[in-house]
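Protein chains in written order, with the numbering used here: chain Y, 366 to 832; chain C, 6 to 906.
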């Protein structure tokens, strides 16, 4: 019978209890009795090891940020076409075509045009690839978010993040594999459904990590037991569980359970350390904007994201205060607030990853669930823009992405993706590809059905933006 | 690539009638005639070819290179399973396509697809505004108050075109409210073209499906075991250790492990039937009983316990996807009245309602009597309406006007059909929504025949969204606008309305007073701003005094509202009366690509002569769902009984005899022991679908009584609800109050979702976006749309919850307190009782020693800690209590507590 010492010496070899379970299930997608987060072999050589997704809930306005449309000035005030009108959500408040109030200029060696609202991004533009021809299929936030995260406009599908950690596991067993850093000022639309596992096993769900207070739910008790009580209790528990396991020889689940109690204890240490940004230099804090009220909150989460991928966390999603990009009215003020909050930290993250040699192995993704229409909503001094699902922009960087490129375009007025249209399924296939996975082969068998993030939709890897 | 001599093209004159059609007739009609329509494609006429099949258009006029048909014949993929067409034949098709100048004709079907989504809401089954009905060609020719709205050949003279082109229809003002959008250029052009072409009728007949001769199903398909009625296998004589037929059939495959100890069996039976551990008194009473039938007596007691229904209802609620919120939207609106269905299910299990009756009530409770006649309304019949809550479980965001378009409504129907398929039929029918099922013989046609069973009640064009016009506050209820059944003839209803009526009147008075106060301000505002109308909000913004006055009255209104008694609304599905909408196959599941018309029917593969789906219209209802219930509960239905007994088996043994309980089809798991499954199914039917009888049969078998281990009974972790409920029970805090509105949940600032309820988890709100953190961590399912088999995870967050979370910590103190109350200060007696509570057994000497050591150590630590504060209360007794609580907390974390042997 293995003793406690034997057991932990095995764990010291990197064979955790969860890994014991995985001995039964090495192959990706095979029927598994138990699921775990030990590292799995990708389908092909990966370009990226980890992902930081800067998710911009609300629908950032492409024509005001990434997609310069001088023609809008020419057509200013003209009524929209019947097709555009049929796509408008708030019919009663619709106005005519509205040019961007911002100046666009060329940046970097690549000369990519960006709006004056993104000065910091301009400095790292040679590291990013902008896709200007994304489109989605629903004009409601909820449905579009479900599509962006789960591949269908319905809830209940596993999120992209869950698929990624299901496929690859994690490099660090003492931290959650899939971390969600949401904004203390308000969660995104659809809330936890954005990182849920659907019918994938619960172990692949995103773990919400708070940037204030105790980072992980119940990582610490609200009131710690005094003195040596925790040790007394743990040692009694171990004795009881070991006895129970010995009465059920060969039961992998029981072994895994015992190991998980040890892991929980280690996580208390490591998670606390990983998320402690007080250990960062002043220079780093300044770069991320931690000393500026506008950027401090978002900057802190970007910095935490870097600390997490540095420690082998597979995927970090950074969310933003509610849906601050949802600028139905007063788009000028709205964009000033949203860009003011995110531009500097996002650019700092890229520079920081690059300096640390992590950018090559970290895929950074910036984007929302759709874009905005080129017409005015609620026309007048407080004009905004309504949801625009037919064409929008996102950018990616690092992890094998070819910096300083743009891909695809929208029509003359920035309403609809025109050339080299990119579907959400293409986007998912591309992200998986960068991580060394083929979207057709990343399958989960459910009630006799082979499930995929891209389901049966056609999906294409955007080889044009890969270095 | 081979070059073809020019002569080939000259030879191939390429006219459709003389060259191409004969070719199609000889080579393609076996599958693509008007009758066969494989893949939805008929090659019999230019029109049908231009219309295309399920994969869309097959030719692009003038562009052979872009034409799917051309690709398929030139690569030899078609004709399927036959010789490739010759170069001359291929060239003839190419030439014809090059010269074909007709666009795909616009049919009545195409026009109806557009109008149904954009116009029927006001000009259809529900309402005929301006006397106009836009559902058929005839009704459009007849027109409304302003005369006919279409004139064949004359789009300019057709009112329909005029009003749409002017963007007057659908009225922009109403588009948001009714979830309707204007017509696109393409859609308008289609309607116009149909009129230009002379408003030709389709004269379409629905697809006929014959039970005896169905071209869509191959005879070989019908031979698959799950699609044939189970035959009762012969059972050889009992021989030890067999106790009943289950054992005989099990032992044909493998020997049985020895029987488990009585106390082990007792705990197993408790959890299996009630989801709770036995109390120490119950353990003692069982030990003291010397009757050799004490185990059987225990089963009888447990089956009569009200906790039995709570436990087994939970399994069924998983299978049908019951939750207390709508989902599908970040609002995740609560379903405050869904609990009546939950209570119906619990009562049905406790009453041991025969399974065939149980199904019938859920599928068609409203069709079992004339629900519209108030006189017939008895409490039993209100239960029947509640039973139809079965059809109201799927995620449903249609309360949001942004997510209430036709595709989203079809998604709700799809969710419900997935529930029906996986929970009742053991078939995944959802795949057939977009394409013929890849693995099982379920053509798309059969999916839409099932849809058609639901459309008299789930009408996509006459949709009752899950909004709550009564506001739960008793104000006015629009009877035609809600999916809640209003049991007006009941005393409960009358009492509530009698109470509410004066309150409602006072609220109306107050609202009137606001308008009165607003009048002078409005006058001033209109004059100053030179505008025609002004909303209250604008006046509030403009005039501070008005804002204050209004706020004061609003506060009064709020107070009055809080007084209103909630009405006893029943969330139900009911037939909406005559003229259900036509149901069409939707190509690729796309609501804008209508295919052939279908009639209500059951999947052909499960149909058979003598027990086919047979519609018998009722005076008060379409009878479509009742016919479904009759079809499903026919004693020879191949799947209903098998799926039901498999579920019972699964919840006793952890895994069903078919490991994929929602899919008995070809891609499902093969049955581990088909003879046993079939014997159980036939026994179930023969016993008149006696559910409790099946528990007795299973649990008295030697198979169930085996010791746990690899080859015996599977060791299992208790499920999420049992974790919480058991902790409450052993802490002496479980509130056994049954039924009624779901207890609230309480999201905490740190993100944890808890409840302060002490009732069983089945009575606590299960909100999709706010699952109780502890339950979620222990694999309570997300309902998507349902869950026929729960996942099992072993994750460190479970350890964190039980070690650091409040539920275990706090209740350990309660548990220790009750133990001291029961046995006093004796440490050994305390530990013994803790073991009895947590494990239903006494500790061994070693275990007693280890636990005592930990308790004494912990007490000392607590004493040191308490003394720091020099408290008024006695330190010694308090520290002993806390020391015992530490041990209780440890027991709650132990594998033995969380696993059933």
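All C-beta atoms, glycine included, are put in the ideal place defined by N, C-alpha and C.
Residue burial annotation: residue 422/Y is buried, with at least 16 other C-beta atoms found within 10 angstroms of its C-beta.
For residue 747/Y, the closest C-alpha among the options 600/Y, 694/Y, 770/Y is that of 694/Y. Taking CB atoms only, residue 605/Y has a neighbour in chain C less than 8 Å away. Listed by position along chain C, the residues whose Cβ is nearer than 7 Å to that of residue 448/Y are 189, 190.
Taken in chain order, the whole alpha helix (DSSP H) runs of length 4 or more contained in the region 689-750 of chain Y are 696-720. For residue 894/C, the chain Y residues whose Cβ falls inside 7 Å of its Cβ are 598, in order along the chain.
Residue 149/C holds the alpha-carbon nearest to the alpha-carbon of residue 136/C among 149/C, 356/C, 524/C. For residue 802/Y, none of the residues of chain C pass the 9 Å Cβ criterion, the least Cβ distance being about 22 Å.
Chain-ordered listing is empty here: chain C has no CB closer than 8 Å to the CB of residue 408/Y, the nearest sitting near 23 Å. If you look at residue 393/C, you'll find it isn't in any beta strand (DSSP E); DSSP assigns it neither H nor E. In the DSSP annotation of this structure, the continuous segment of the alpha helix (DSSP H) that includes residue 630/C starts and ends at 629-637.
Taking the Cα positions, residue 602/C is about 58 Å away from residue 584/Y. For the region 871-891 of chain C, the residues whose beta carbon sits under 8 Å from a beta carbon of chain Y are, in order, 891.
Per DSSP, residue 503/Y is not a residue of any alpha helix (DSSP H), being assigned neither H nor E. Between residue 618/Y and chain C, the shortest Cβ-Cβ separation is below 8 Å. In summary, the residues of the region 557-584 of chain Y whose CB is separated from some CB of chain C by less than 8 Å are 557, 558, 561, 562, 563, 564, 566, 567, 568, 572, 573, 575, 578, 579, 581, 582, 583, 584, in the order they occur in the chain. Note that the C-beta distance between residue 559/Y and residue 632/Y is not below 8 Å.
With contacts defined as CB atoms closer than 8 Å, residue 203/C and residue 158/C qualify as a contacting pair. Within the model, the alpha-carbon separation for residue 269/C versus residue 722/C is close to 15 Å. Of the other Cβ atoms in all chains shown, fewer than 16 fall within 10 Å of the Cβ of residue 644/Y; this residue is therefore exposed. Within chain Y, no C-beta atom comes nearer than 9 Å to that of residue 328/C; the closest sits roughly 12 Å away. Look at the region 656-674 of chain C: the residues with a C-beta under 7 Å from a C-beta of chain Y are 665, 667, 668, 670, 672, 673. Taking a Cβ-Cβ cut-off of 9 Å, the neighbours of residue 720/C in chain Y comprise 613, 616, 618, 619, given in sequence order. Note on geometry: alpha-carbon atoms of residue 75/C and residue 86/C lie some 17 Å from one another. Between the region 735-748 of chain C and the region 774-784 of chain C, the count of Cβ pairs shorter than 8 Å is below three; the stretches do not touch.
Flagged as an interface residue toward chain Y: residue 805/C, by a C-beta distance shorter than 8 Å.
In the DSSP assignment, the residues bridged to residue 904/C are 722/C.
Here residue 524/Y is near residue 571/Y, since their CB atoms are less than 8 Å apart. Note: residue 572/Y is bridge-paired with 544/Y in the DSSP secondary-structure output. Legend: CB atoms of the region 505-522 of chain Y lying less than 9 Å from CB atoms of chain C belong to residues 505, 506, 507, 508, 510, 511, 518, 519, 520, 521, 522.
DSSP links residue 472/Y through a beta bridge to 477/Y. The beta-carbon distance between residue 432/C and residue 669/C, rounded to whole angstroms, is 7 Å. This is short enough to meet the 8 Å contact definition.
The contact set of residue 869/C on chain Y, defined by CB atoms closer than 9 Å, consists of 591, 592 in chain order. The alpha-carbon separation between residue 551/Y and residue 260/C amounts to approximately 59 Å.
Residue state for residue 466/C is assigned as coil, using DSSP reduced to three classes.
Residues of the region 810-822 of chain Y whose Cβ lies closer than 7 Å to any Cβ of chain C, in chain order: 812, 813, 814.
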